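Asker: Following this message is one structure expressed as structure tokens.
Protein chains: 2
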Amino acid sequence: MTTAAGGVLAQRERTALATVGMVGGGQLARMTQQAAIGLDVELRVLTPDPGAPAVLAGARHCPGSPDDLEDLLALAAGCDVVTFDHEHAPFALLSALADAGAVIRPEPAAKRLAQDKSHARGILEQAGFAVPPFAVVPAGEVGALERFADRYGWPIVVKAPRGGYDGRGVAIVAGPDVGDGSALPATEGEWLLEAMVPIAMELAVLVARRPSGWWSTYPVVETVQRDGICRELVMPARVPPAVAEAATAMAVAVAQGINATGILAVELFLTPSGELVVNEIAARPHNSGHATIEATRSSQFENHLRAVLDWPLGSTAMVAPAAATVNLLGPTTPMDLGRTVPTALADPRVAVHLYGKDPAPDRKLGHVTALADDIDTALASAHAAAGIILSP
Amino acid sequence: MTTAAGGVLAQRERTALATVGMVGGGQLARMTQQAAIGLDVELRVLTPDPGAPAVLAGARHCPGSPDDLEDLLALAAGCDVVTFDHEHAPFALLSALADAGAVIRPEPAAKRLAQDKSHARGILEQAGFAVPPFAVVPAGEVGALERFADRYGWPIVVKAPRGGYDGRGVAIVAGPDVGDGSALPATEGEWLLEAMVPIAMELAVLVARRPSGWWSTYPVVETVQRDGICRELVMPARVPPAVAEAATAMAVAVAQGINATGILAVELFLTPSGELVVNEIAARPHNSGHATIEATRSSQFENHLRAVLDWPLGSTAMVAPAAATVNLLGPTTPMDLGRTVPTALADPRVAVHLYGKDPAPDRKLGHVTALADDIDTALASAHAAAGIILSP
Chain A
12 MTTAAGGVLA QRERTALATV GMVGGGQLAR MTQQAAIGLD VELRVLTPDP GAPAVLAGAR
72 HCPGSPDDLE DLLALAAGCD VVTFDHEHAP FALLSALADA GAVIRPEPAA KRLAQDKSHA
132 RGILEQAGFA VPPFAVVPAG EVGALERFAD RYGWPIVVKA PRGGYDGRGV AIVAGPDVGD
192 GSALPATEGE WLLEAMVPIA MELAVLVARR PSGWWSTYPV VETVQRDGIC RELVMPARVP
252 PAVAEAATAM AVAVAQGINA TGILAVELFL TPSGELVVNE IAARPHNSGH ATIEATRSSQ
312 FENHLRAVLD WPLGSTAMVA PAAATVNLLG PTTPMDLGRT VPTALADPRV AVHLYGKDPA
372 PDRKLGHVTA LADDIDTALA SAHAAAGIIL SP
Chain B
12 MTTAAGGVLA QRERTALATV GMVGGGQLAR MTQQAAIGLD VELRVLTPDP GAPAVLAGAR
72 HCPGSPDDLE DLLALAAGCD VVTFDHEHAP FALLSALADA GAVIRPEPAA KRLAQDKSHA
132 RGILEQAGFA VPPFAVVPAG EVGALERFAD RYGWPIVVKA PRGGYDGRGV AIVAGPDVGD
192 GSALPATEGE WLLEAMVPIA MELAVLVARR PSGWWSTYPV VETVQRDGIC RELVMPARVP
252 PAVAEAATAM AVAVAQGINA TGILAVELFL TPSGELVVNE IAARPHNSGH ATIEATRSSQ
312 FENHLRAVLD WPLGSTAMVA PAAATVNLLG PTTPMDLGRT VPTALADPRV AVHLYGKDPA
372 PDRKLGHVTA LADDIDTALA SAHAAAGIIL SP
């Protein structure tokens, strides 16, 4: 090591207030890095990719894999706390990491709930939360679908309990003829079967929770999903106050119940009859919270850091009456961001977040958030900006 | 260069929307790096210090000195535009850099005005702006002080025209006896002598201006200086609307008049009789704009980047009725930031920005900004938080 590099190291070691290790270096880690700078928190990201979004943004790169205990141990060795930007670190390794003395937030047991949809369904149902009717069956046992549908009707939802995201690992099956089964989730182990819940609106509530038990919630968000991918967000959700209060209370109860720490995102279905059903949970900063960067006093990324460090939480109050976020999903046509992004920024309501990724169809390349006095204006601004950015 | 490093380089080259070179790597560059991430702008900073605040925050380090033309040329070679976080790059070198084809924002002529207080006074006075009575005399000519005071009275202000900041290079002389002169600014060339203007309040206006001429202004800020160092800010300034409008108009006129690009900070004195006098200008992001990070929709750092790239400017509207910023100046007693910062964050109104510097007395180590419904509450919160953070 040269003197100059040693100097950097010494300076970093000397001045950072705390060091947080994050498993994963994607866009959630990238936006966490932005929040870490002000707090003088050093963020280290475990990822095999030296061009990962968070590394490009200046997070310290710890090369390695979330599937490798040695790599996880190396990350933890230099950090006050280890946390996550995704759900892919195997539970067994997280347990081993905890056994080795690492401080992991959320703790492995809570993280497992976000990683394993079957496990989560069972725990949440046992705890008395409304969840969609479900069954856990051996993967590949197509006959089980028909038996489940006999009880709850077609269509049914077939999920891989682990590893899915952005619609991957999920199939909606309309009837008993599944052809050669190639459209069904390819997974070893289990399938999670779910009845289709009638959905009036999809909601998400973000809870920031500290190990010491203090928590804070963000305003309820309305999410629009298509093909299993979150397309847009509206904050606050256009629901009666009683629904927002009930959704918030459910999310807090889940967070307390599973002893979540850091950000916990609770995704809920609102049925046409006004019932709230817990859909999925994510124990990390979450796409449904992107509007918090501009729309609230302290973003989910800052509060994730503060929560995992057991520091007091920042205000989650909104700074504008309405916000809308539209995700920038890679189009099939070529883009010219150097030209289109400045054009989109001509609307002063709009903020752009780009993740530094190579474009690919349906890949999340960034998002835009617009603040306005009313939701229709915010949505119109955000959609217009996204349309401009993604145009050829 | 290893394959891994080459991979990083290739990824950066491929995805960044634009590359901005900044001369200097201090806290202003650090906060610019934070803003650059969302825009996918790669920020490169020219500084000899591998532990500079902006480098620690992930800006790409270009080792070198602002006094070295080769280093400036090397920075410019990889960048779409070169800008600044301080006033110390010599005008002659900037002119040479421009002659070599580099795009410099602000252009050297405008930058020179911010660098050279004597030059600025002359140009502003010629252009019809109210400035304090002044004279430019050979440095060391103590007799000139008395002749100046004969006309404008004691005390007078003696400044080094170049290189001063945070009260350095400025002396207030109470009478003709200057002793051995060691309290006077040590500088070659000239002294700038100024009459003491009676000051009711110090104000600052930040203008973001694009090369294409579009501009936007931030709400007028009230600044409190002690010993030449900015201690605190209040946004918006507690002045009648007519004063705020006049201050804003003056700042815009200065920006247009000198063809400023990027952020231009115009510091003004408000006299007890309600007159506005231009004090100093800074052609870069400025301490008086730190509240914009939390208090406005688009911070001065984001708008500096957008302005120097000639991109549309973000909204400068406030997101709360009142904001106060208190600078964290290094105390003479030891600090324990790992304990005091979390304690200070217990007030949810407060946001903390730490610069990653080694503590030293009176060094700017960070700042806190509080948002509130009224200025008294914001000030009280910001002062309380700063007091906690700086306590032993």
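Each protein sequence line maps, in turn, to chains A and B.
Residue 12 is where the first sequence starts when you use the working numbering, and the numbers rise one by one after that.
Residue 12 is where the second sequence starts when you use the working numbering, and the numbers rise one by one after that.
Cβ coordinates follow ideal geometry from the N, Cα and C atoms, glycine included.
Only a predicted model underlies this, so the values are computations on that prediction, with no experimental measurement involved.
Got a sec, what are the start and stop residues for the beta strand (DSSP E) A:E243 sits in?
Answerer: Run containing A:E243: I240 to M246, per the beta strand (DSSP E) assignment.
Asker: Would you call the segment 281 to 289 of chain A in contact with the segment 140 to 148 of chain A, where contact means no fewer than 3 C-beta pairs closer than 8 angstroms?
Answerer: The segment 281 to 289 of chain A, when compared against the segment 140 to 148 of chain A, does touch it at the 8 angstroms Cβ threshold.
Asker: Let me check understanding here. Comparing Cα to Cα, which of A:E256, A:V250 and A:A331 lies closest to A:P283?
Answerer: Ranking A:E256, A:V250 and A:A331 by Cα distance to A:P283 puts A:V250 first.
Asker: Assuming contact is defined by CB atoms lying nearer than 8 angstroms, are A:A319 and B:G49 in contact in what I supplied?
Answerer: Note on identity: in this sequence residue 319 of chain A is Val, with Ala being the wrong assignment. For A:V319 and B:G49, no; Cβs fall outside 8 angstroms.
Asker: Leaving aside the five residues before and after B:P372 along the sequence, list all residues of the same chain whose C-beta is less than 6 angstroms from its C-beta, in chain order.
Answerer: So the qualifying residues of the chain are G341 and T343.
Asker: Could you give the distance in angstroms between the alpha-carbon of B:Q311 and the alpha-carbon of A:E313?
Answerer: Cα-Cα distance, rounded: 20 angstroms.
Asker: Quick one: what's got a C-beta closer than 7 angstroms to A:A16's C-beta in the same chain, skipping five residues either side?
Answerer: Legend: pLDDT at A:A16 = 36, less than 50; position of this residue unreliable, value from coordinates given subsequently. Excluding residues within five positions, none has a Cβ falling inside 7 angstroms.
Asker: Taking the alpha-carbon positions, what's the B:A87 to B:A276 distance?
Answerer: Taking the straight line from one Cα to the other gives about 24 angstroms.
Asker: Quick one: is A:R23 near chain B, going by C-beta distance under 8 angstroms?
Answerer: Interpretation of A:R23 is limited by its pLDDT of 41, a score under 50 that renders its predicted location unreliable; no figure is taken from the coordinates.
Asker: Quick one: is A:Q44 near chain B, going by C-beta distance under 8 angstroms?
Answerer: Chain B, which has a Cβ nearer than 8 angstroms to the Cβ of A:Q44, makes this yes.
Asker: With 8 angstroms as the threshold, decide whether the Cβ of B:I48 is near any Cβ in chain A.
Answerer: Closer than 8 angstroms: yes.
Asker: Residues of chain B with CB closer than 9 angstroms to the CB of A:K368, please, in chain order.
Answerer: T26, listed in chain order.
Asker: Hey, is A:V148's beta-carbon within less than 8 angstroms of any beta-carbon in chain B?
Answerer: False, the Cβ-Cβ gap to chain B never drops below 8 angstroms.
Asker: Please report the straight-line C-alpha distance between B:S223 and B:D321, rounded to a whole angstrom.
Answerer: In a straight line, the C-alpha of B:S223 is about 7 angstroms away from that of B:D321.
Asker: Please give me, in chain order, every unbroken run of the beta strand (DSSP E) with length at least 3 that falls completely inside the segment 165 to 201 of chain B.
Answerer: Runs of the beta strand (DSSP E) inside the segment 165 to 201 of chain B: 167 to 170 and 181 to 184.
Asker: Taking the alpha helix (DSSP H) that A:I134 falls in, what are its first and last residues?
Answerer: From DSSP, the alpha helix (DSSP H) with A:I134 extends over K128 to Q137.
Asker: Measuring only between beta-carbons, confirm whether A:S326 sits less than 8 angstroms from chain B.
Answerer: Yes, because at least one Cβ of chain B sits closer than 8 angstroms to the Cβ of A:S326.
Asker: Tell me the DSSP secondary structure of B:R6 in three-state form.
Answerer: Beyond the ends of chain B as shown, which are 12 and 403, falls residue 6 of chain B; an answer cannot be given.
Asker: Would you kindly work out how many angstroms separate the C-alpha atoms of A:H297 and A:W165, rounded to a whole number?
Answerer: Approximately 31 angstroms between the Cα atoms of the pair.
Asker: Grouping DSSP H, G and I as helix and E and B as strand, with all else coil, what is A:T14?
Answerer: Any reading at A:T14 must be qualified, since the residue scores a pLDDT of 33, below 50, and its modelled position is unreliable; no value is offered.
Asker: Take B:A85 as the anchor and find which of B:G69, B:H130, B:F95 and B:G32 has the nearest alpha-carbon.
Answerer: Minimum Cα distance to B:A85 is reached at B:G32.
Asker: Which term fits B:E98, buried or exposed, when burial requires 16 or more other beta carbons within 10 angstroms of its beta carbon?
Answerer: Buried is the call here.
Asker: Grab me the residues of A:V153's own chain with a C-beta within less than 7 angstroms of its C-beta, minus the 5 sequence neighbours each way, in chain order.
Answerer: Same-chain partners within the cutoff: V189 and G192.
Asker: Please report the straight-line C-alpha distance between A:G18 and A:V93, rounded to a whole angstrom.
Answerer: Summary for A:G18: the model assigns pLDDT 36, below 50, so the residue's position carries little reliability; its value from the coordinates is reported in the next sentence. Going from the Cα of A:G18 to the Cα of A:V93 covers about 25 angstroms.
Asker: Sorted by chain position, which residues of the same chain lie with C-beta nearer than 8 angstroms to B:A257's C-beta, five sequence neighbours on each side aside?
Answerer: Cβ neighbours of B:A257 beyond the five flanking positions: L287.
Asker: So what's A:P251 in DSSP terms, helix, strand or just coil?
Answerer: If DSSP states are grouped into helix, strand and coil, A:P251 belongs with coil.
Asker: Cα separation between A:P403 and A:T303?
Answerer: About 29 angstroms.
Asker: Residues in its own chain within less than 7 angstroms of B:L401 by CB, not counting five upstream and five downstream?
Answerer: Correct list, in chain order: L339, P342 and M346.
Asker: Determine the direct distance from the alpha carbon of B:K128 to that of B:R179, and round the result to whole angstroms.
Answerer: Approximately 13 angstroms between the Cα atoms of the pair.
Asker: Would a C-beta distance cut-off of 8 angstroms place A:Q45 and A:P64 closer than the cut-off?
Answerer: Contact flag unset, no.
Asker: May I ask which residues mark the beginning and end of the alpha helix (DSSP H) holding B:A295?
Answerer: First, the residue type needs correcting, since residue 295 of chain B is Arg and not Ala in the sequence shown. Counting along the chain, B:R295 falls outside any alpha helix (DSSP H), and DSSP gives it neither H nor E.
Asker: Going along the chain, which residues of its own chain have a beta-carbon closer than 6 angstroms to the beta-carbon of A:A155, five neighbours each way excluded?
Answerer: Same-chain partners within the cutoff: V148.
Asker: With DSSP as the reference, identify every bridge partner of A:N338, one or two as the case may be.
Answerer: Its beta-bridge partners are A:H378.
Asker: Using CA coordinates, which residue listed in B:A109, B:P353 and B:L135 is at the minimum distance from B:Q267?
Answerer: Nearest of B:A109, B:P353 and B:L135 to B:Q267, Cα basis: B:L135.
Asker: Report the option in B:V216, B:A255, B:F280 and B:I240 whose CA atom is closest to the CA atom of B:I274.
Answerer: With distances taken between Cα atoms, B:I274 lies closest to B:V216.
Asker: Suppose only complete runs of 4+ residues qualify. What are the alpha helix (DSSP H) ranges in the segment 74 to 117 of chain A, listed by chain order?
Answerer: Listed in chain order, they are 80 to 88 and 102 to 110.
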